[in-house]
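Here is the structure we will look at, set down as C-alpha cells.
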Amino acid sequence: MTTPKIWLYIAVMAVVTYLIRTLPLTLFRQKIKSRFLKSFLFYVPYAVLAVMTVPAIFESTASIYSAIIGFAVAAILAFCGAQLLPVALAACGAVYVAEMIMGIWN
Numbered sequence: 001m002t003t004p005k006i007w008l009y010i011a012v013m014a015v016v017t018y019l020i021r022t023l024p025l026t027l028f029r030q031k032i033k034s035r036f037l038k039s040f041l042f043y044v045p046y047a048v049l050a051v052m053t054v055p056a057i058f059e060s061t062a063s064i065y066s067a068i069i070g071f072a073v074a075a076i077l078a079f080c081g082a083q084l085l086p087v088a089l090a091a092c093g094a095v096y097v098a099e100m101i102m103g104i105w106n
C-alpha cells in the first residue's frame, strides 16, 4: 500500500468521524421530547459496549471454557457491586488458573 493511499484512507476516516459527531448537533436543534427516543439514546452506548466486549471475551483465551469461567467470575463480582479493578483482576486470575488446570489435564 502506498503512502498517498494511506493518507487518503486517514482523511476519509477523519471526515466520516467528524460527520458522525456533528450531524446530530446540526439536525436536532430542539430538545428531544419523545420518552422512547430519549431512553433509546441513553442505552445505546451500553449496548454497543456490550456488543463489542462480550465476543472478544470468548475469543481471547485458548479455551472457551476458561473464557466462560472468567466471564462468570466477572459477572458475579460485578453483580455483587465490586469495583472495576477487582473485577478485572479476579476475572484474569480465574482465567489464568483455569488455563493452568486445563493445561495439566490436556
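Last residue of the sequence shown? That's 106 in this note's numbering, and every number before it is there in order.
In this text, a Cβ means the ideal position worked out from N, Cα and C, and glycines have one as well.
Because the structure is a prediction, the values reported are computed rather than measured.
Inset, instruction - Taking the CB atoms as reference points, tell me whether Ile-73 and Ala-56 lie closer together than 9 Å. - result: Looking at the sequence shown, residue 73 is not Ile but Val. The answer is no: Cβ separation not under 9 Å.
Inset, instruction - Determine the contact status of Gly-70 and Val-44, defining contact as a CB-CB distance below 9 Å. - result: In this structure, Gly-70 keeps its C-beta atom at 9 Å or more from the C-beta atom of Val-44.
Inset, instruction - Have a look at Val-12 and Leu-27 and give me their C-alpha separation to the nearest angstrom. - result: Taking C-alpha positions only, Val-12 is separated from Leu-27 by approximately 22 Å.
Legend entry - C-alpha distance - Leu-84 paired with Ala-75, whole-angstrom precision: Going by the C-alpha atoms only, they are around 11 Å apart.
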